[in-house]
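Read through the structure below, which is laid out as structure tokens, and then see the notes.
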Amino acid sequence: MKSYPELINATLIPSKKPRWLAVDLFAGCGGLALGFESAGFATVGFEKDRDACETYQRNLGGSCVETTLTPDSELPDCDILIGGPPCQPFSVGGNQKGLNDSRDGFPTFIAAVKKLQPRLWMFENVRGMMYGNRWYLDEILNELKSLGYEVDIRLFSTVHFNVPQKRERLVVIGHHGGFAFPKPIVKTWTAGEALDGILFSESPESKFLTESMDRYIANYEKASCCVRPRDLHLDLPARTLTCRNLAGATGDMQRIKFPDGRRRRLLAREAARLQSFPDSFEFTGSESSIFNQIGNAVPPMFAYSIASAVAHYLTRAEAKPSKRADALAA
Ligand SMILES: C[S@@+](CC[C@H](N)C(=O)[O-])C[C@H]1O[C@@H](n2cnc3c(N)ncnc32)[C@H](O)[C@@H]1O
16 MKSYPELINA TLIPSKKPRW LAVDLFAGCG GLALGFESAG FATVGFEKDR DACETYQRNL
76 GGSCVETTLT PDSELPDCDI LIGGPPCQPF SVGGNQKGLN DSRDGFPTFI AAVKKLQPRL
136 WMFENVRGMM YGNRWYLDEI LNELKSLGYE VDIRLFSTVH FNVPQKRERL VVIGHHGGFA
196 FPKPIVKTWT AGEALDGILF SESPESKFLT ESMDRYIANY EKASCCVRPR DLHLDLPART
256 LTCRNLAGAT GDMQRIKFPD GRRRRLLARE AARLQSFPDS FEFTGSESSI FNQIGNAVPP
316 MFAYSIASAV AHYLTRAEAK PSKRADALAA
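Here the sequence shown is numbered in our numbering, starting from 16 and rising by one per residue.
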């Protein structure tokens, strides 16, 4: 059996002969796009952050347009539209403008579906979208259904899709009938397996916790009767990587504990492995910019599973004799 690094390094390779074009909105560093490119798609990304855009350019087969998207943005024709539109956090009792909130990414995504009429569209978002503000998700789905799509929605944990991390993501797909979500993979990977070969490195970027940080954590854990210390547990999948806990001074949830008891924050390459980025994927920017790109990304191995299901749907749709051809032959 392949080791985890061997698996991701062998799977996540942009296709040399892509069959379809995906437009990727709010593309970040290209985690989602890498999964799609590895499953037979070409991609064009649209992203406002310069570092993220450069990372995309450097590693993906497709290019990334550095731009701040609006509902009026010009976009190329495509087979499918994908993306992770940012959703403005709703303050309780605050102004809940829904689709009229111009800071939100969904009006742009919906306008793009209207304009491009892709064969399939897909967006992903955080789990919270299904619960706290379900009325807003329903508003978005009703708008997209009115454009003639069947809509499927599912909450996934990426740990069931070759990602060594319990990360929950909401995936919503619009199609014209016959799409099926991927089935969970039985094997799950631990953080220790994912970090095979690079564990316990003391590279110059290492940021070990100071004695006072260790004391602070010990006091905090005692006061909160913490059962599982907030370190990375190598015998389990990692907890969700976020921009905040990667870059935070004490690296909560993700810090590595050395056999001699010292603890340090994750290095960017370790965080990338836990997000299932292959070792050849190189990030551009400062340490905090790189942690943001990694923490924001859709894990490419999870994206690959979704993309493979989309490729299957498109292939089947192309193999079906069209009703028009049948009528002509009769
Ligand atoms: C959740 S991240 C996307 C992650 C990406 N799908 C991946 O897998 O790597 C959302 C991205 O949207 C970008 N963004 C937010 N508003 C934008 C806008 N109006 N135009 C372009 N990009 C925007 C942010 O800079 C951020 O990189």
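No residue lacks a Cβ here, since even glycine has one placed at the ideal position from N, Cα and C.
Predicted model, so just to flag it, every value in this text is computed and none were measured.
DSSP lists no beta-bridge partner residue for residue 333. In this structure, residue 197 sits away from residue 291, with a CB-CB distance that is not shorter than 8 Å. No heavy atom of ligand 1 is found nearer than 7 Å to the CB of residue 166. Judged by the Cβ position, residue 130 fails to qualify as a neighbour of ligand 1 at the 7 Å threshold, every heavy atom of the ligand being at least this far. Placement of the Cβ of residue 237 at a distance of 7 Å or more from every heavy atom of ligand 1 is found. For the options 231, 244, 251, the alpha carbon positioned closest to that of residue 264 is the one of 231.
In terms of Cβ geometry, residue 203 and residue 174 form a close pair [threshold 8 Å].
DSSP lists no beta-bridge partner residue for residue 281. In this structure, residue 61 has its beta carbon less than 7 Å from a heavy atom of ligand 1.
If you draw a 10 Å sphere on the C-beta of residue 55, you find 16 or more other C-beta atoms in it, and that means buried. In this structure the segment 218 to 237 does not touch the segment 149 to 167; the number of beta carbon pairs closer than 8 Å is below three.
The closest heavy atom of ligand 1 lies less than 7 Å from the beta carbon of residue 44. Note on residue 92: under 16 other CB atoms within 10 angstroms of its CB, so exposed under the neighbour-count rule. Listed in chain order, the non-local C-beta contacts of residue 280 below 6 Å within the same chain comprise 222, 266, 270, local neighbours out to five positions each way being set aside.
Boundaries of the alpha helix (DSSP H) around residue 149: 149 to 160. If only uninterrupted alpha helix (DSSP H) runs of at least 4 residues are considered, none is enclosed by the segment 123 to 150.
Taking a C-beta distance under 8 Å as the contact criterion, residue 305 and residue 186 do not qualify as a contact pair. Remark: the shortest separation between the CB of residue 120 and any heavy atom of ligand 1 falls under 7 Å. A buried status is given to residue 190, since no fewer than 16 other beta-carbon atoms sit within 10 Å of its beta-carbon.
Rounded to whole angstroms, the gap between the alpha carbons of residue 100 and residue 201 is 30 Å.
Bounds of the beta strand (DSSP E) holding residue 185 are 183 to 190. Just so you know, the alpha carbons of residue 209 and residue 24 end up roughly 12 Å apart. In this structure, the C-beta of residue 56 stays at least 7 Å away from each heavy atom of ligand 1.
Counted as a single uninterrupted DSSP element, the stretch harbouring residue 193 is not any alpha helix (DSSP H), since DSSP gives it neither H nor E. With a cutoff of 7 Å, residue 211 does not count as near ligand 1, since its C-beta is closer than that to no heavy atom of the ligand.
In the displayed model, residue 58 falls within a strand according to three-state DSSP. Of the other Cβ atoms in all chains shown, fewer than 16 fall within 10 Å of the Cβ of residue 114; this residue is therefore exposed. Taking a C-beta distance under 8 Å as the contact criterion, residue 256 and residue 309 qualify as a contact pair.
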